[in-house]
Amino acid sequence: MNCPTAAPLQSGQAAELVLGQPSATTGTPNNPSFSGSTLSSPTGVVAEGGRLWVGDSGNARVLQWNSAPAVNGQSASVAIGQPDLLTGTAGTTQDRTSNGLSFIARAGTKLLLSDTANNRVLIWNGIPTTSGQPADLVLGQTSFTTKASGNGASNLYGPAGIWTDGTRLVVAERFNNRVLIWNTFPTSNGVPADVVLGASGFGTSPFVNPPTASSFRNPDGVAYDGTRLYVADVSNNRVLIWNGLPTTNNKPADVVIGQTGFDISFDNAGAPYPQVNAIGMKGPSGVHVDACGSLYVCDGSNGRVLVYTDVPTSNGAAADAVAGKPNLTAQPNASAPASAAWMNGCSAVTVSGASLYATDTSFNRTLRFALSR
């Protein structure tokens, strides 16, 4: 892969393809009518092995494209969590999911989904080949028909970001303000986690204000690149970075971006409202690191993807480029119309080869941007 030293995209660059909408200038849910080509409040996105997955939260399903989409509004191949591409009924079973879906992860033949409103993570040991294929395992619950919350080592409460390499597993929990780590990939239902971040041990759901290097308020997206762990800390308006995958409870982060220090949680790094800048964030969610070592952060409430050409090694590092806005100081505008270069929200981001995919939740679509890779 070509890894140039410049930012992998230009600020304000237009997307080359849109999914969930017939064109880049529309943004209503299930437009024009509910089908395998429409989206409602999309969340997670993963592109690997030639396939693409998008969490279609409002329709209680994950859409799977068996090959990279080639045209705007292309229909998905498979619906996960529903019996077909024309059904969107929420449920709490082995083959149904909730209207509160979150992130998706894939490693080898395994596919994982954070079924947030059902307080569970679903695991398929093989990539689904037909709609409605039931999950093989569940975490956070002892069965596929329960959805109780809790803060023990085997419980989940609002699971969100997930990462796995097929050997280890990391899950962020929005409402327990913690991140769980399994040192060995689970092979049975309800397996407890081994390590917890954000708490001194299992059985608590800390609320820490002001924040610290080891605390969270509604953690969301997670990523691990083999060297560093990244967690989007939504309500503290920051992303925390660990130089290694922690092996002990409550280990503090090494670096923070979105803020200039660990003990502050300002919107947009404290810039006077409504100013936006290259350092701050507001409600960051998805995070991703590509094969060239560039970091991408969904800055959700600012409706943009922040791009760091190299992973930051110091607190408060500025982004190098932005997708979804014309520049790094452009302010969000809820009344602005949809376009190929303007996003109104961002939940998750992923890179596959020379393509960047980002879910534009408020405009009910997923955008694909071409990267200089």
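For the sequence shown, my numbering begins at 160 and goes up steadily by one. For glycine and all other residues, C-beta sits at the position ideal for the given N, C-alpha and C.
Proximity to residue i [Cα-Cα], best of the options
i                 : options                        : result
phenylalanine 262 : Leu244, Val338, Asn310, Pro201 : Pro201
glycine 267       : Pro496, Arg210, Thr246, Ser234 : Arg210
alanine 493       : Asn461, Val221, Ser290         : Asn461
serine 473        : Ala294, Leu222, Trp401         : Trp401
valine 204        : Ala249, Gly291, Gly380         : Gly380
alanine 537       : Asn503, Gly317, Leu454         : Outside the displayed range of the chain (160 to 532) lies residue 537, so it cannot be described from this structure.
threonine 185     : Phe334, Thr520, Arg463         : Thr520
isoleucine 321    : Trp341, Lys306, Asn310         : Trp341
glycine 420       : Asn278, Asn436, Asn395, Lys410 : Asn395
leucine 404       : Pro318, Leu339, Leu222         : Leu339
arginine 255      : Ile286, Asn218, Asn335         : Asn218
leucine 530       : Gln253, Cys451, Ala276         : Cys451
arginine 376      : Ile423, Lys306, Thr518         : Ile423
threonine 288     : His447, Leu515, Ala430, Gly240 : Gly240
phenylalanine 366 : Met160, Ile438, Phe344, Phe334 : Phe334
isoleucine 282    : Phe344, Arg337, Trp224, Asn225 : Phe344
phenylalanine 193 : Thr509, Gly208, Asp215, Asp384 : Asp215
serine 511        : Ala183, Thr197, Ser226         : Ser226
threonine 246     : Glu207, Asp274, Ser196, Arg279 : Ser196
valine 466        : Thr164, Leu168, Pro163         : Leu168
methionine 502    : Ala174, Gly325, Asp324         : Ala174
alanine 319       : Leu298, Thr326, Ser302         : Leu298
asparagine 392    : Thr406, Asp384, Gly357         : For clarity, residue 392 is aspartate in the given sequence; the question names asparagine instead. When only C-alpha atoms are compared, the closest one is Gly357.
Presumed contact (8 Å Cβ cut-off) between residue i and residue j, rounded CB distance
i              : j            : result
glycine 232    : leucine 315  : Not confirmed; about 34 Å, so no contact.
asparagine 523 : proline 188  : 5 Å
alanine 312    : valine 390   : That pair is no contact at about 19 Å.
threonine 518  : cysteine 505 : 7 Å
asparagine 486 : glycine 171  : 6 Å
Chain-order list of residues whose beta-carbon lies under 7 Å from that of residue i (same chain, five-residue window excluded)
i              : result
leucine 176    : Pro228, Asn231, Arg527
glycine 576    : Missing from the structure shown is residue 576; the chain here goes from 160 to 532 and no further.
aspartate 413  : Ile400, Trp401, Asn402
proline 433    : Gln490
alanine 382    : Trp322, Tyr389, Val446, His447, Val448
asparagine 161 : Arg532
alanine 352    : Ala312, Leu339, Ile340, Trp341
threonine 363  : Asn310
Beta-bridge partners of residue i, as assigned by DSSP
i              : result
proline 318    : Glu332
threonine 525  : Leu178, Thr518
aspartate 404  : Residue 404 is actually leucine in this sequence, not aspartate. For leucine 404, which the question treats as bridged, DSSP gives no partner whatsoever.
proline 433    : According to DSSP, which records beta bridges pairwise, proline 433 is partnered with nothing at all.
valine 446     : Val456
aspartate 392  : Pro378, Arg397
isoleucine 416 : Val398
serine 511     : Ser514
threonine 323  : Leu328
leucine 530    : Answer is none; leucine 530 lacks a bridge partner.
glycine 340    : For the sequence presented, residue 340 should be read as isoleucine rather than glycine. According to DSSP, which records beta bridges pairwise, isoleucine 340 is partnered with Val329, Val354.
Own chain residues within Cβ distance below 6 Å of residue i, not counting five before or after
i              : result
threonine 468  : Ala166, Ser453, Asp479
leucine 388    : Trp401, Leu404
asparagine 277 : Thr251, Ser257, Lys306
glutamine 292  : none
threonine 509  : Val204, Val205, Ala206, His447, Tyr516
alanine 476    : Ile416
aspartate 384  : Val448
Beta-carbon proximity list for residue i, same chain, < 8 Å, skipping 5 on both sides
i           : result
serine 290  : Val237, Ala238, Ile239, Gln241, Pro242, Asp243, Leu244
leucine 198 : Leu178, Gly179, Gln180, Pro188, Asn189, Val213, Asp215, Gly217, Asn218, Leu222, Asn523, Arg524, Thr525
Task: In chain order, each beta strand (DSSP E) run of at least 3 residues that lies wholly inside the region 222-309 - done: 237-239, 260-266, 269-274, 279-283, 296-298
Task: alpha helix (DSSP H) runs wholly inside the region 471-503, at least 4 long, in chain order - done: none
Task: beta strand (DSSP E) segments (min. 3 residues) lying fully within the region 189-220 - done: 201-207, 210-215
Open item on the list: Quick check on the DSSP output: what are the complete beta strand (DSSP E) runs of length 3 or more inside the region 164-193, in order along the chain?
Closed with: Runs of the beta strand (DSSP E) lying entirely within the region 164-193 and spanning at least 3 residues, in chain order: 176-178.
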